[in-house]
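Student: Below are the structure tokens for one structure; questions will follow.
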């Protein structure tokens, strides 16, 4: 697994609360949920390299 790089992200309060609720509903951490959202968006856009 590649090393994870820390990254600061600023979200407005309403968006952050929505992400926290979604994460809770999916039994994920907020960070894990944001990572999953980005991963899914990258897959959908065809921007992820295929793993062999």
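In our numbering, the protein residues as written are 1091 to 1142. From the three backbone atoms N, C-alpha and C, an ideal C-beta is built for every residue, glycine too.
#1: Leaving out the 5 sequence neighbours to the left and right, which residues in its chain are closer than 8 Å to residue 1101 when beta-carbon positions are compared?
#2: With a CB to CB cut of under 7 Å and the five nearest residues on each side skipped, what residues in its chain are close to residue 1092?
#3: Where does the unbroken alpha helix (DSSP H) through residue 1113 begin, and where does it stop?
#4: Looking only at its own chain, which residues have a Cβ that is under 7 Å from the Cβ of residue 1120, when we skip the five neighbours before and after it?
#5: Helix, strand or coil, according to DSSP, for residue 1122 in the structure here?
Tutor: Reading it off the structure:
#1: Within the chain shown, residue 1101 is the residue found at index 11, counting from 1. So the list reads 1109, once near-sequence residues are dropped.
#2: Indexing the chain shown from 1 puts residue 1092 at position 2. Result list for residue 1092: empty, nothing under 7 Å.
#3: Within the chain shown, numbered from 1, the residue matching residue 1113 stands at position 23. Taken as a continuous stretch (DSSP letters only), the alpha helix (DSSP H) holding residue 1113 covers 1103 to 1115.
#4: For the purposes of this step, residue 1120 is identified with residue 30 of the chain shown, where counting begins at 1. Same-chain partners within the cutoff: 1109, 1110, 1113.
#5: What you label residue 1122 is simply residue 32 of the chain shown in a count that begins at 1. The DSSP-derived three-state label of residue 1122 is helix.
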